[in-house]
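My numbering applies: residue 1190 is where the sequence shown begins, and numbers increase by one.
Glycine included, every Cβ here is placed at the ideal spot set by N, Cα and C.
Note sheet for the following structure.
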Amino acid sequence: MIDTHIHSRFSTDSETNPLSFILKAIDLGLDAITFTDHYDLEYQDGIIMHFDIDEYFNELSELKEKYKDKIKILIGIEVGIQSNISDKIKNAIKVYPFDYIIGSTHLIRGIDPYYRQLYNENTKKQDALDEYFDIIYENITSFNIFDTMGHIDYLKRYTPFEDNGIYYHENKEKIDRILNYLVSKDKAFEINTSGIDVHPFDFDILKRFKELGGRYVTLGSDAHNQEYLCRHFNSTIEKIKLCGFDKITYYENRNPVQINI
1190 MIDTHIHSRF
1200 STDSETNPLS
1210 FILKAIDLGL
1220 DAITFTDHYD
1230 LEYQDGIIMH
1240 FDIDEYFNEL
1250 SELKEKYKDK
1260 IKILIGIEVG
1270 IQSNISDKIK
1280 NAIKVYPFDY
1290 IIGSTHLIRG
1300 IDPYYRQLYN
1310 ENTKKQDALD
1320 EYFDIIYENI
1330 TSFNIFDTMG
1340 HIDYLKRYTP
1350 FEDNGIYYHE
1360 NKEKIDRILN
1370 YLVSKDKAFE
1380 INTSGIDVHP
1390 FDFDILKRFK
1400 ELGGRYVTLG
1410 SDAHNQEYLC
1420 RHFNSTIEKI
1430 KLCGFDKITY
1440 YENRNPVQIN
1450 I
């Protein structure tokens, strides 16, 4: 098993040393682990997301060599895509030999929903979702060098609605547009387990991805602390199987590697 989405101290929102994740992964019996620290260029005004990629590679490369007989350590990145600066982001990261790139949407109108500044009691849920899905589509079509699209349901974690769930049947047209693009480019679709405690993921979205011809599913905990590594994986894997997938995917040297589940 592998966890393909974790954040160490190289992400502004984590204080966990990479070694803590590695030792926990070994303890859990994982075959591999992929670090995917945040790269959010020109993030929300007033907030700097610092990421020293050179130091990141230096430290992880040393750990990769040290623990190579116990676990495979892969070096990835989670890119916060913004369509208006997609070329700038590409140029900044293309010089590094990442194993894996997650393409995620974190900002809406320049604001991260995480800070709960976007919506209030007058906001209509469907209006918020329509805008969100349109931005995702703009982002992924402008920045097409990612391997998997991160957490399509990111928004549900930080909205004030009575029901924060994101459902396929309520957003078919918008979601299909996103999924069709992923399939056309042979991109992977991420199941991110970090939002399950807020609201379960609607696996009808993954079923639709499969129906449209999607081939690759990645599984990540989005852990910012080693204790959350592989959280909810067992139950999630069973649901992935019910959607017609018998393998999950990780990336090494930007190439997909599938493992049976």
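Note to self: Looking only at its chain, what residues have a beta carbon closer than 7 Å to the beta carbon of T1201, apart from the 5 residues adjacent to it on each side?
What the structure shows: Indexing the sequence shown from 1 puts residue 1201 at position 12. Excluding positions up to five away in sequence, the list reads H1227, M1238, H1239.
Note to self: Just to confirm, is the Cβ distance from I1215 to I1260 under 8 Å?
What the structure shows: In the sequence shown, the residue the question calls residue 1215 occupies position 26. In the sequence shown, the residue the question calls residue 1260 occupies position 71. Yes.
Notebook entry, point to check: Can you round the beta-carbon distance between I1329 and G1292 to whole angstroms, since I take them to be within the 8 Å contact cut?
Noted result: As a position in the sequence shown, residue 1329 is number 140, starting the count at 1. As a position in the sequence shown, residue 1292 is number 103, starting the count at 1. So it is a contact: roughly 6 Å between Cβ atoms.
Margin query: Which residue marks the beginning of the alpha helix (DSSP H) containing K1399, and which one marks its end?
Written below: In the sequence shown, counting from the first residue as 1, residue 1399 sits at position 210. 1393 to 1400 is the extent of the alpha helix (DSSP H) around K1399.
Next item on the list: Check whether the segment 1254 to 1271 touches the segment 1429 to 1441, counting contact only when three or more Cβ pairs, one atom from each stretch, lie closer than 8 Å.
Entry: yes
Checklist line | Alpha-carbon to alpha-carbon, L1252 and L1208 | finding: As a first step, residue 1208 must be located in the sequence shown, where it is residue number 19. As a first step, residue 1252 must be located in the sequence shown, where it is residue number 63. Going from the Cα of L1208 to the Cα of L1252 covers about 8 Å.
Next item on the list: Return the bridge partner residues of I1297 from the DSSP annotation.
Entry: As a working mapping, residue 1297 is identified with position 108 in the sequence shown. Answer by DSSP bridge pairing, in chain order: I1300.
Check: From this set, I1394, K1255, R1404, which residue's C-alpha is nearest S1373's C-alpha?
Finding: Within the sequence shown, the letter at position 184 stands for residue 1373. Of the listed residues, the one whose Cα sits closest to S1373 is R1404.
Note to self: Counting C-beta neighbours from all protein chains within 10 Å, is the total for R1397 16 or more, i.e. buried, or is it exposed?
What the structure shows: The residue labelled residue 1397 in the question sits at position 208 within the sequence shown. Buried is the call here.
Check: For Q1447, which of helix, strand or coil comes out of DSSP?
Finding: What you label residue 1447 is simply residue 258 of the sequence shown in a count that begins at 1. In the structure shown, Q1447 sits in a strand (DSSP, three-state: E or B).
Margin query: Could you compute how far the alpha carbon of V1516 sits from the alpha carbon of K1283?
Written below: Since the displayed the chain opens at 1190 and closes at 1450, residue 1516 lies outside it and no answer follows.
Next item on the list: Please report the residue range of the alpha helix (DSSP H) in which E1379 lies.
Entry: The sequence position of residue 1379 within the sequence shown is 190, counting from 1. Note, E1379: premise wrong, no alpha helix (DSSP H); beta strand (DSSP E) at 1377 to 1381.
Next item on the list: Just the C-alpha distance for K1363 and G1384, rounded to the nearest angstrom, thanks.
Entry: As a first step, residue 1363 is located in the sequence shown; it is residue number 174 there, counting from the start. As a first step, residue 1384 is located in the sequence shown; it is residue number 195 there, counting from the start. Rounded to whole angstroms, K1363 to G1384 spans 21 Å at the Cα level.
Checklist line | Beta-bridge pairing of T1407 - partner residues as DSSP gives them | finding: On the sequence shown, residue 1407 is found 218 positions in, with the first residue counted as 1. Answer by DSSP bridge pairing, in chain order: E1379.
Next item on the list: Taking 8 Å as the cut-off, decide whether the C-beta atoms of L1418 and I1278 are in contact.
Entry: On the sequence shown, position 229 is the one that residue 1418 refers to. On the sequence shown, position 89 is the one that residue 1278 refers to. No, the pair does not count as a contact, with Cβ atoms beyond the cut-off.
Next item on the list: Measure the alpha-carbon distance for T1193 versus Y1256 and round it to whole angstroms.
Entry: Taking the sequence shown and counting its residues from 1, one reaches residue 1193 at position 4. Taking the sequence shown and counting its residues from 1, one reaches residue 1256 at position 67. Each residue's Cα considered, the two are about 18 Å apart.
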